[in-house]
Amino acid sequence: MRKILLLSFSVLCLGSQFTKAQNLGSLLKTVTSKTSSKSTNNNLTESEANSGVKELLSTGLVNSVTALNKTDAFWKSAYKILLPEPLHTADGVLRKLNMGGVADSAELRMNRAAEQAVGFAKPIFVNAIKQMTLTDAIKLVNGGNNSITDFFRAKTHDTLVNAFMPTIQTELNKNKATSSYSQLVTKYNAVPFVKKANPDLSSYVAGKAVDALFDQISVQEKKHKNESSSTDN
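Mapped onto mature numbering (1 follows the signal peptide of the UniProt record, and there is no 0), the consecutive letters of the sequence shown carry residue numbers -21 to -1, 1 to 212.
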C-alpha cells in the first residue's frame, strides 16, 4: 500500500534491517489514521509514530550521504565532476596548450574535495528532519516518486552549498588545485574568440556535489517506492 512507501525509502541501503522495516509497516498506517480520525484505539501514540518515521528517514538520508562520503565515490562513478564548461569540451585545446596534465590534476582534486565535503550534509539533514511535522511526513508518504527528494532539496539546498564551500576551498587550496585551475583559466581565456571560463571553482564544485547528493537520494527513493508498489500489487 502507498502508506509504506516512505518506510521503504527510509531503509534504503539497509538490507540487514529489512525485517525491522516490515515490522514497522503498520507504523505509517497508524500515523495516517491518527491524522484523519479521533480514534484512540491504536496503541501507538502520535508522538511515537512521528519519532519512528523521523528515525527511519534520518537513517535513509544519512546512508545516502555515506555512499558519497568516501574515496572514489565521485571520481570513479557517474557522479564524477568534470571541468566546468567551456573547459571540459575544449580538452583538445588545453592539451595543445600543454595544459592537459594541469586539467587532469584539477579534476582529481575537485572530486576529492567533493568526497570530503559531502559528509557535512548529515547534520543538516538531521536538523531538517527534526523540524518536520507529522503532516509533512504524511505528504511525503502520499507524494510522487520524488516527494522526499524534492522536500529536502527545497529545505536544505542552499544550506548544503554554503556548508560544503569551506571544506572544498580548503581541499582545493591544500592540493594546489585552485592555483592550477586559475593558471588553466588564464591561459585558456587568452585564446582569441573562445567563450571565457569562470574562475570560481569552489562554488562550481559545491553545486555539483549537492546535485550529486540529491540525485543519489532520488535514485534510491524511486527504486524503493517502485519495489514497494510491486509488492503491494
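Positions of the beta carbon are idealized from the N, C-alpha and C atoms, including for glycine.
Alpha carbon of residue i to alpha carbon of residue j, nearest angstrom
i	j	result
L66	L35	42 angstroms
A116	Q95	30 angstroms
D70	D83	10 angstroms
Q110	G123	21 angstroms
T38	T135	17 angstroms
Q199	V97	17 angstroms
K201	Y167	41 angstroms
L73	T50	27 angstroms
N154	N48	18 angstroms
N29	T112	8 angstroms
K33	S126	15 angstroms
N205	T128	15 angstroms
M144	A85	17 angstroms
T165	F172	14 angstroms
T114	S56	37 angstroms
Own chain residues within Cβ distance below 6 angstroms of residue i, not counting five before or after
i	result
Q148	S181
A52	E94
A133	none
Beta-carbon proximity list for residue i, same chain, < 8 angstroms, skipping 5 on both sides
i	result
F131	L40, F104, A107, F193 and I196
L151	R88, M89, A92, T157, Y160, L180, S181 and V184
V170	V72 and L76
T138	I103
CB contact flag (residue i, residue j, <8 angstroms)
i	j	result
V189	M89	no
W54	L76	no
residue 233	V44	The shown model of the chain, from -21 to 212, leaves out residue 233, and the question about it has no answer.
Y58	A191	yes
F99	T146	yes
V140	G79	no
Neighbourhood of residue i by C-beta, 7 angstroms cutoff - its chain only, sequence neighbours within 5 removed
i	result
V81	S159, Q162 and L163
| message | Is it the case that the segment 171 to 179 contacts the segment 60 to 75, given that we only count it when at least three CB pairs across the two stretches are under 8 angstroms? | response | yes
| Unbroken alpha helix (DSSP H) runs of length 4 or more, entirely within the segment 114 to 158: which are they? | 126 to 153
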